[in-house]
Amino acid sequence: ADVGTQYRSAIFYHNPEQERVAKQVIEEFEQSKVWKRPIVTEVVPYKEFYEAEDYHQEYYAKNSRQPYCRVVIEPKIAKLREHYRERLKQ
Numbered sequence: 001a002d003v004g005t006q007y008r009s010a011i012f013y014h015n016p017e018q019e020r021v022a023k024q025v026i027e028e029f030e031q032s033k034v035w036k037r038p039i040v041t042e043v044v045p046y047k048e049f050y051e052a053e054d055y056h057q058e059y060y061a062k063n064s065r066q067p068y069c070r071v072v073i074e075p076k077i078a079k080l081r082e083h084y085r086e087r088l089k090q
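Using my numbering, read the sequence shown as starting at 1 and increasing by one per residue.
Shown next as structure tokens:
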């Protein structure tokens with residue numbers, strides 16, 4: 001399994017309004033109970049950001065047929081689309 005801080009999800013905000021919106025959306029997702037487990041995405045101030053290596057960029061788009069993508073990522077994306085389609089970019 002992917003464990004450790006390098007695998008965590010995070011939202012990096014630049015100002016108080018972005019922080020407020022991020023926390024509000026996470027709270028809405030939590031209240032909806034779409035996911036069985038708590039959302040663990042951190043909301044943290046932007047300081048430094050190190051871009052991942054090229055082979056990690058657009059990973060799902062480039063590797064959607066790989067077992068990891070099919071087993072781990074696809075179910076999460078499907079659930080998000082099912083419940084929040086109106087909030088997603090087309």
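Glycine included, C-beta positions come from ideal geometry on N, C-alpha and C.
inquiry  = Counting beta carbon pairs with one atom in the segment 39-50 and one in the segment 73-89, are three or more of them shorter than 8 Å?
reply    = no
* Compute the distance between the beta-carbons of E91 and P38, then report whether it is under 9 Å. => Past the edges of the chain, shown from 1 to 90, lies residue 91, and the structure says nothing about it.
- Task: Have a look at T41 and Y7 and give me their C-alpha separation to the nearest angstrom.
- Result: In the sequence shown, residue 41 corresponds to position 41, counting from 1. In the sequence shown, residue 7 corresponds to position 7, counting from 1. Cα-Cα distance, rounded: 11 Å.
E51 (DSSP reduced to helix, strand or coil):
Taking the first residue of the sequence shown as position 1, residue 51 is located at position 51. It is coil, neither helix nor strand.
K23 to S32, Cα distance in whole Å?
Working through the sequence shown from its first residue, we reach residue 23 at position 23. Working through the sequence shown from its first residue, we reach residue 32 at position 32. Whole-angstrom Cα-Cα distance: 14 Å.
| What residues in its chain sit with their C-beta under 7 Å from that of E19, if we drop five residues either side in the sequence? | Start at 1 with the first residue of the sequence shown, and residue 19 comes out as number 19. Around E19: Y13, V43.
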